[in-house]
Each structure stands twice: as C-alpha cells, then as structure tokens.
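J.:
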Amino acid sequence: MSPAVRRRVDARVVVAVLLLGGLALVPMISSLIGGPFYITLFTRIVIFALAAVGLNLILGYGALVSFGHAMYIGIGAYAVGILSHHGVGSGWIQLAAALAVGAVVAVVIGLVCLRTSGMAFIMITLAFAQMFYFLAISLKQYGGDDGLTIAARSDFGVFTLASNTVLYYTALGVLVACLIAFHRLVYSRFGMVLRGCRSNERRMAALGFPTLRYKLTAYVISALVCVIAGMLLANLTKFSAPSYMAWQASGDLIVMIVLGGMGTIVGPVAGAVALLILEEILSGWTTHWMIVLGPAIVLIVLTAKRGIYGYLVERTARHAEARASPS
Amino acid sequence: MTVGLFLTQALNGLQLGILLFLLAAGLTLVFGIMNFVNLAHGSLYMMGAYFAAAVFNWTGSFVLAGLIGVPATMLLGVVVERVALIRLYRRDHLDQVLATFGLILFFNELVRIIWGPASVYMNTPAALSGTVELFGLRYPSYRFAIIGVGLAVGIGLYLLIHRTRIGMLIRAGATHPEIVAAMGVNVRRLNTIVFGLGAGLAGLAGLMAGPIVSVQPGMGEPILILTLVVIVTGGIGSIRGAFYGALIVGIVDTIGRAFLPTLLREFLERSLAQAAGPAIASMLIYVLMALVLAIRPQGLFPVRHA
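If you read the sequences in order, they're chains A and B.
Under my numbering, the first residue of the first sequence is numbered 1, with each subsequent residue one higher.
Under my numbering, the first residue of the second sequence is numbered 328, with each subsequent residue one higher.
#1: As an exercise, report each continuous alpha helix (DSSP H) stretch of at least 4 residues that is fully enclosed by the region 182-248 of chain A, in chain order.
#2: I'd like to know whether the C-beta of residue 484/B is nearer than 8 Å to at least one C-beta of chain A.
#3: Taking 8 Å as the threshold (beta carbon to beta carbon), is residue 558/B in contact with chain A?
#4: Please list, in chain order, the residues of the region 294-307 of chain A that have any C-beta partner in chain B closer than 9 Å.
#5: The beta strand (DSSP E) with residue 467/B in it runs from where to where?
#6: Among residues of its own chain, excluding the 5 on either side of residue 633/B, which ones have a beta-carbon nearer than 6 Å to its beta-carbon?
#7: Measure the CB-CB distance between residue 169/A and residue 42/A and report whether it falls below 8 Å.
#8: Consult DSSP for residue 116/A and reduce its assignment to one of helix, strand or coil.
#9: What's the gap between the Cα of residue 303/A and the Cα of residue 419/B?
#10: Express the C-alpha separation of residue 17/A and residue 406/B in angstroms, rounding to a whole number.
#11: Short check: CB of residue 138/A to CB of residue 606/B, under 8 Å?
#12: Along the beta strand (DSSP E) that carries residue 459/B, what are the first and last residues, could you check?
#13: The alpha helix (DSSP H) spanning residue 403/B covers which residue range?
#14: When we look at the beta-carbon of residue 385/B and count the other beta-carbons within 10 Å, is it buried (16 or more) or exposed?
#15: Quick one: what's residue 90/A bridged to in DSSP?
#16: Within the 8 Å Cβ cut-off, does residue 340/A reach chain B?
#17: Counting only Cβ-Cβ distances shorter than 7 Å, please list the residues of the region 103-132 of chain A near chain B, keeping chain order.
#18: Can you tell me whether residue 107/A is helix, strand or coil according to DSSP?
#19: With 16 other CB atoms within 10 Å as the buried threshold, where does residue 141/A fall?
#20: Within the 8 Å Cβ cut-off, does residue 312/A reach chain B?
#21: Rounded to whole angstroms, what is the Cα-Cα separation between residue 354/B and residue 525/B?
#22: Under a three-way DSSP split, which group does residue 640/B fall into?
#23: Let me confirm a value: residue 456/B is counted as buried when at least 16 other C-beta atoms fall within 10 Å, else exposed. Which label applies?
#24: Please classify residue 512/B: does DSSP put it in a helix, a strand, or coil?
#25: Measuring CB to CB, does residue 225/A end up less than 8 Å from residue 50/A?
#26: When you compare the CB of residue 139/A with every CB in chain B, is at least one pair closer than 8 Å?
#27: Report, in whole angstroms, the separation of the C-beta atoms of residue 404/B and residue 522/B, which I expect to be a contact under 8 Å.
#28: Please report how far the alpha carbon of residue 604/B lies from the alpha carbon of residue 315/A, in whole angstroms.
#29: Identify each residue in the region 422-446 of chain B for which the Cβ-Cβ distance to at least one residue of chain A is less than 9 Å, and report them in chain order.
#30: Reducing DSSP to helix, strand and coil, say where residue 627/B ends up.
#31: Tell me whether the beta-carbon of residue 52/A lies closer than 8 Å to the beta-carbon of residue 257/A.
#32: Taking CB distances under 8 Å as the criterion, tell me whether residue 85/A reaches chain B.
#33: Name the residues in the region 236-247 of chain A whose C-beta lies less than 8 Å from a C-beta of chain B; which are they?
#34: State the DSSP-derived secondary structure class of residue 589/B, mapped to helix, strand or coil.
#35: How about residue 420/B: is its C-beta nearer than 8 Å to some C-beta of chain A?
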C-alpha cells in the first residue's frame, strides 16, 4: 500500500469513527440539554441512515437504482403494527415475520424487476412500491389511510425497546453491525462480483458468473436491512402508516445516499444526518420548507460529486498529508 | 342493467386511458429522443390543471382556459428544461430521477403557496355539462369530449411523427442522435421542441382532467405512477406502446375496481371478499405490468428499430 493510499484509508476510518462516535454521544448530550426531542430526532436519523446504507448496497455497488425501497420500510413497520394489533408483542416473532415476509416479497419482486435494467428498473421498482402503498391504504381493518397505532414497543425478552435510550442504542448497534457486515461483504468475492456487474455485466456473464443470482441476493439483503429499519421506525413512532412507503420516502433515501457519497459504506450515514437535520431546520423556519428543499436537491445532484463523506475523507487525508510532510 | 353498467365502466376506463395517453405520449417521447426521464412530468400536468382552473374561474371560458393554460404549461416546460434539465441530459438516470424529484417537491409547494392547500374547483363547461344517450345509456358528454380530444391528439401525433419533417427528425434523433447532429440539425433545439410538445400535452391533460378530478397539490404523482406503468407495459419510447398501454391500463384499472369486489363475492366468503376485493383491485395493474415484464421485458409494443 502506498503512503497516499494508506492515508486515504486512515482518513476514512477517522471520519467514520468521528461520525459514529458523535452519534453514540447523542443520548448524553440530549439529556444534558434536557428534553427527549433530540434523542427522538436522532433515532429517526439513525434509522433512516440504516435504510440508506441498505439501499446503497445495490444502488452504489450494483448500480441498481431502486426507487421503491421505502416499501420494505413499510413492510417492517406493518409487521410490528399488525402483529401487535393481534396481541403479539414479542420482538423476536415480529422480527422473524418481518424478515420472512420481506424476503418473500423481495425475491418475487426482485425477480421481476431484475429482468429489466436502467430506466425501466427505476420505474418498475417505483410502481411496485406504489402497489404496496395502495395495498396498505386498502387494508381497512388495519387503519387504512389513517395508519395503525401500536400499543407497546417490541419486547425482546432480555430487553425491551420501551425506553428511548435503549431504542436509540439498539438502532445504532444495528447500524454499526450493518456497516461492518457490509464492509466485509463489499470486499468479499460476492462484493467483487456485484461491483463487476456494475461495471460490465455482460463481461461478468461471459466469465461464467450467474449475474442474476448475485444481483438478486444483493437486492434481497438490501431489502431486509430496510425491513429492519422499518421495524425500528414503527417502534420509534408507535405507529405504522402507508406514508412510510410513499414514494417521496424512497426518493429521500436516494437523496441521502447521493448527498452522503454513493458507493461508500459510511457515506449514506453522513447523508442521512445532513438531510434530516436540514429538513428539521427548514421546517422550523417555514411551513413551506419544501420550496427550499426541492431546488436544494437539484443543486446537490448538479454539484455533489463524491458527497459529504467523500469530501470529508479528502480533507482529512490532505491534513494528514500536510502533517506527514512539513515543508 | 349490468350490461349498461359494464358499458359505463368501460367508457370510464377508456376515458382514463385517453388521459393517461396524453401524459404517456409526452413522457415517452422525451425519454425516447433524449434518453431522459422526467418525473416532473406529473407536475407539469398539475400546473396545467391549475393554470386552466385559474383562467376558467377568472373568465368563465373553457376555450380561453385551454388557449392560455396549454401554452403556459408548454412555456413553463421549456423554461424548466432550459434552466435545469439541460444540464442533466448527459448524466446518468439516477441524477435525472433525483433532480426531477426535487422539482416535484418544488412545484407541489409552489401551488400550495399560490393557491393554498385546498382543492381548486373547476366546473364542467356549460356546453358539455349534459349527457349523451348511447344505446339507451346516458353518459356525460364532457367525458366523451375527453375521449374525442385524446383520439384527435393520437391521430395528430401519428401524422406529426410519420408525415412531417420535424417528425422525421424526432424519429431519427431517437435512434441516431449523433448522426442527426452531424447532418447539421440543431439537436438542442429539437430537444426543446420535443420537451415543449410533451409539456403541452401534459398541460392539455391537466386542462381536460380539471373538471373531473380535484385540482390540488400533489395531484400529479398518482397519475405519474400510472403513466410509468403505461410506459413500461407498452414499451419505453414507443408512442404506439403508450397508446395501447394507456388504454389497457385505463380499462383494466377501472373495470377491476368496479367489478372485482363483486366477482370475488361469488367465490369467497363475504367478509373475506369485502376485505380482499379492493386490495386486489388496487394491485391489478401492477400485477398486469409484472406479467407483461415476465413474458416480454421490452414491453408489449417496443420501438421497432428498422
């Protein structure tokens, strides 16, 4: 490894540790400032960071632009909502049901969607997510349009998510575990094949790789991460609503990824933090905050090359460079 | 009476299909020639409806609403294209989708600021507020007018694309943009013309839909999603596909919603049918799309590259 490359890697670790360390301190700072507002806000941020990290596996490393991943957030949220509506409060059963339903849906929809690529893939994933959105609306016995209130948060036996702090650290723990797992996954043989498909799928197929199987596996993994994020979201809000899978939610996830840095493991976390805090500030400033956010997204797309995370890594590496060679 | 009901619903489906065609034609043209996906197409439809409703409520003339609303939408489309979208043609689809997603948020909030969050009402023009009797069936004449306008646009587009010089350039630009540019055609202007045409069609759809839907912020998105289903089902980039796809989606959706719950009651227990009927009906067109893709990934009527 050349010194420059090592510095780049070091810088990445530094930025990631600073980012996650900062997130780990949130409950303490929040209790110092007083008020559960910040911890609720940051739980939301961590949950959406998790979903964005999940989506980034196929979007950043597989170039599969799914515009429908909010659907899986909805599946996770409704698994908690519907089961607790029927009196099943055990987190493990909810988790198993959510993952099972999510996996079946992801395999079936993935098989259909992956028959297409590029533009058609974007449109179809969007359409399927919309299908589930309307399905949730038509489920009158589970609240329909109004959504479903959840009486109690999930109970995992050894711990429950009833306390805000426990929920926060659970979400953060899942996020960190997911980041580590994805780091290993992306640099494993599987990840190499996936990235190969991103560059040139025809060549990968010619080399004898069953590319569909690899892409489908990645699609299902990324869907399941969003399902878990959906479960956590339902626990945070004690509510599951069709709006969780509205297509704006899918769009928000993609904005987080592009803003944070596409095709980097930690980038989406930075993007989620930045976007949700920006939304919070704008919405406190004016009720018509979307009129600012919309053009801001256009500007982000037009100008963001490597995203916030890429920029931070670049800066940190340059600092290290300057310190390494004092002239 | 069921025959009459069926016929009414079939006409409703046809009318929805025609409306979808107006939107799908513009979207698919823009996609076919510029390889650009414009999610803000639904926003142009919404702006068209608002422009038309504003002029109509101000002057009371539907013709004037059309004469001002449609060109205004066209102009808006051209301005948006020149200001923002032109920078995105060479970017990948992800950037295009995201930027136009940002535009949707902007336009939805813009109409909320200008016209308020509540619906704006637009009456049916007086001359078309009656009904027409057809096979002993009374059907609103305004809906017939929508069908008529849509069919006229369809024929007009066919003639424009297959019989005129500009249509020839559009067809050539869709398949070989570099060669068209090398032959000295101003591709940039061609792009703007096509985009303006698409925006105008979206505005026309907004005008025609104004009296039968509620004109409100966010009204563009549900119909945009349906339009995407139409385009994918019909074959991306193909006007013919947009036409047949729109009719299929419009009729299947309307008939499904109208009759599937009753039909299910024949086979299933009443309470189950009551619950499952609307759910399945709302999923019907997506299942149709999935089936089409499973059998023909390129869509039912793909572009024929001669």
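C-beta: ideal position from N, C-alpha, C; glycine also.
T.: Once the coordinates are examined:
#1: 189-206, 211-237
#2: Sequence index remark: in the second sequence, residue 484/B carries index 157 (1-based). So no, residue 484/B is outside the interface.
#3: In the second sequence, counting from the first residue as 1, residue 558/B sits at position 231. Chain A, which has a Cβ nearer than 8 Å to the Cβ of residue 558/B, makes this yes.
#4: 294, 295, 296, 297, 298, 299, 300, 301, 302
#5: Within the second sequence, the letter at position 140 stands for residue 467/B. Residues 464-467.
#6: Here residue 633/B refers to the residue found at position 306 of the second sequence. Note that residue 633/B has pLDDT 43, beneath the 50 cutoff, so the model's placement of it is unreliable and the number below is only indicative. Result list for residue 633/B: empty, nothing under 6 Å.
#7: In the first sequence, counting from the first residue as 1, residue 169/A sits at position 169. In the first sequence, counting from the first residue as 1, residue 42/A sits at position 42. No, they are not a contact pair.
#8: Against the first sequence, residue 116/A aligns to sequence position 116. Looking at residue 116/A - three-state DSSP - the assignment turns out to be coil, as it is neither helix nor strand.
#9: Here residue 303/A corresponds to residue number 303 of the first sequence, with the count starting at 1. Here residue 419/B corresponds to residue number 92 of the second sequence, with the count starting at 1. Whole-angstrom Cα-Cα distance: 14 Å.
#10: Indexing the second sequence from 1 puts residue 406/B at position 79. Indexing the first sequence from 1 puts residue 17/A at position 17. Using only the alpha carbons, I get a separation of about 45 Å.
#11: Counted from its first residue, the first sequence places residue 138/A at position 138. Counted from its first residue, the second sequence places residue 606/B at position 279. Closer than 8 Å, so yes.
#12: Stepping through the second sequence from its first residue, residue 459/B is reached at position 132. Looking at the DSSP string, the run of the beta strand (DSSP E) that includes residue 459/B is 458-461.
#13: Position 76 of the second sequence, counted from the start, is the residue given in the question as residue 403/B. Per DSSP, residue 403/B belongs to the alpha helix (DSSP H) from 389-410.
#14: Taking the second sequence and counting its residues from 1, the one referred to as residue 385/B is at position 58. Exposed, because fewer than 16 other Cβ atoms sit within 10 Å of the Cβ of residue 385/B.
#15: As a first step, residue 90/A must be located in the first sequence, where it is residue number 90. DSSP output for residue 90/A lists 155/A as bridge partner(s).
#16: The structure shown does not extend to residue 340/A, since chain A spans only 1 to 327, so no value can be given for it.
#17: 112, 115, 116, 118, 119, 120, 122, 123, 124, 126, 127, 128, 130, 131
#18: In the first sequence, counting from the first residue as 1, residue 107/A sits at position 107. Correct three-state label for residue 107/A: helix.
#19: Taking the first sequence and counting its residues from 1, one reaches residue 141/A at position 141. Answer is exposed; the Cβ neighbour count stays below 16.
#20: Counting from 1 along the first sequence, the entry for residue 312/A is found at position 312. No, no contact with chain B.
#21: As a working mapping, residue 354/B is identified with position 27 in the second sequence. As a working mapping, residue 525/B is identified with position 198 in the second sequence. Looking at the two C-alpha atoms, the distance is approximately 6 Å.
#22: The question about residue 640/B has no answer, for chain B in this structure spans 328 to 633.
#23: Residue numbering aside, residue 456/B sits at position 129 when the second sequence is read from its first letter. It is exposed - the Cβ of residue 456/B has fewer than 16 other Cβ atoms within 10 Å.
#24: The count along the second sequence starts at 1 and reaches residue 512/B at position 185. Three-state DSSP puts residue 512/B in coil, outside helix and strand.
#25: The count along the first sequence starts at 1 and reaches residue 225/A at position 225. The count along the first sequence starts at 1 and reaches residue 50/A at position 50. Yes, Cβ-Cβ distance for residue 225/A and residue 50/A is below 8 Å.
#26: Residue 139/A sits at position 139 when you count from the first residue of the first sequence. It does: the Cβ of residue 139/A has a partner Cβ on chain B nearer than 8 Å.
#27: Stepping through the second sequence from its first residue, residue 404/B is reached at position 77. Stepping through the second sequence from its first residue, residue 522/B is reached at position 195. With a Cβ gap of about 6 Å, residue 404/B and residue 522/B count as contacting.
#28: Translated into the one-based positions of the second sequence, residue 604/B becomes position 277. Translated into the one-based positions of the first sequence, residue 315/A becomes position 315. Computed Cα separation, rounded: 57 Å.
#29: 422, 423, 424, 425, 426, 427, 428, 429, 430, 431, 432, 433, 434, 435, 436, 437, 439, 440
#30: Taking the first residue of the second sequence as 1, we reach residue 627/B at position 300. Coil, per DSSP.
#31: Indexing the first sequence from 1 puts residue 52/A at position 52. Indexing the first sequence from 1 puts residue 257/A at position 257. A contact, by the Cβ cut-off of 8 Å.
#32: Translated into the one-based positions of the first sequence, residue 85/A becomes position 85. False, the Cβ-Cβ gap to chain B never drops below 8 Å.
#33: 247
#34: By one-based count along the second sequence, residue 589/B stands at place 262. If DSSP states are grouped into helix, strand and coil, residue 589/B belongs with the helices.
#35: Here residue 420/B refers to the residue found at position 93 of the second sequence. Yes - at least one Cβ of chain A is within 8 Å of the one on residue 420/B.
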